[in-house]
Amino acid sequence: QVQLQESGPGLVKPSQTLSLTCTVSGGSITRAGYYWSWIRQSPEKGLEWIGYIYPTGTTNYNPSLKSRVAISVDTSKNQFSLKLDSVTAADTAVYYCATRHDSPYYFTYWGQGTLVTVSS
Amino acid sequence: DIHMTQSPSTLSASVGDRVTITCRTSESINNWLAWYQQKPGKAPKLLLYKASTLERGVPLRFSGSGSGTEFTLTISNLQPDDFATYYCQQYHDYSPLTFGGGTKVEIK
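Chains as they are written, first to last, in the working numbering: chain B, 1 to 120; chain W, 121 to 228.
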């Protein structure tokens, strides 16, 4: 059973970089067939898919965020990370990491979510 | 982007009722649709994928149907644990994946 846990600062200043980490337990992050995703949720935009990474390094990002986002994997720590540059108040949201075994396109396992507020 | 419209936005129902939620897409997505349930303060939970395939462990009272641009999620014999918000999500166009705005099922 895969378990996911997000961590990172809950408050980020405007124009700075949002950085979050998702720790994977219950198996290796490199196991075949698992894609590792980030999704966020805000009252204004609802659920918004950010992107995913496959441990080989393949990524796919939401075009609306692509110029500001990077997802990476640290296999030594069994973690994957999200970086979002030049944040504004519109990036305030609950951020979830999520995954599923045989598809990067819908999600069986989710972290509990972490609220990130962008404010000075 | 494929736009997702759910209706109704709120639905009042009683335990034992049969409820139906509709999801319409701005273009055809074949049957590449998932449904989630979300309770306050919790992450979404996958209920169905490929429009009608029940995720493992999800009760049989949940069912899905549809293809193209119109889909439905039906909950038969509504249980107290089913009062929640439900979201549809398309994955025909995976850049980007998009979600509906949600339907809140509340107690009448």
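Each residue gets a CB set at the ideal place from its N, CA and C atoms; glycine is no exception.
Chain B within 8 Å of residue i, Cβ atoms only
i, result
"Gly136 (chain W)", "no"
"Tyr169 (chain W)", "yes"
"Glu175 (chain W)", "yes"
"Gly186 (chain W)", "no"
"Phe191 (chain W)", "no"
"Leu131 (chain W)", "no"
"Ala204 (chain W)", "no"
"Leu166 (chain W)", "yes"
Interface residues of chain B facing residue i [CB-CB closer than 7 Å]
i, result
"Ser215 (chain W)", "Asn60, Pro63"
"Leu180 (chain W)", "Within chain B, no residue comes near Leu180 (chain W); the closest Cβ sits about 18 Å away, beyond 7 Å."
Cross-chain neighbours of residue i in chain W, by beta carbon under 8 Å
i, result
"Gln112 (chain B)", "Lys162, Ala163"
Contact list for residue i against chain B, beta-carbon separation under 9 Å
i, result
"Gln209 (chain W)", "Leu47, Trp49, Tyr105, Tyr106, Phe107"
Within-8 Å CB hit, residue i to chain W
i, result
"Tyr96 (chain B)", "yes"
For residue i, three-class secondary structure by DSSP
i, result
"Asp74 (chain B)", "strand"
"Ala204 (chain W)", "coil"
"Ala133 (chain W)", "strand"
"Ala89 (chain B)", "helix"
"Tyr211 (chain W)", "coil"
Paired residues, beta bridge with residue i - DSSP
i, result
"Lys45 (chain B)", "Answer by DSSP bridge pairing: none, since Lys45 (chain B) is not bridged."
"Ser37 (chain B)", "B:Tyr52, B:Ala98"
"Asn60 (chain B)", "B:Tyr52"
"Phe107 (chain B)", "According to DSSP, which records beta bridges pairwise, Phe107 (chain B) is partnered with nothing at all."
C-beta contact flag for residue i and residue j at 8 Å
i, j, result
"Tyr206 (chain W)", "Trp155 (chain W)", "yes"
"Asn78 (chain B)", "Val24 (chain B)", "yes"
"Gly46 (chain B)", "Gly184 (chain W)", "no"
"Ser120 (chain B)", "Pro55 (chain B)", "no"
"Thr194 (chain W)", "Arg138 (chain W)", "yes"
"Ser127 (chain W)", "Lys228 (chain W)", "no"
"Thr189 (chain W)", "Ser215 (chain W)", "no"
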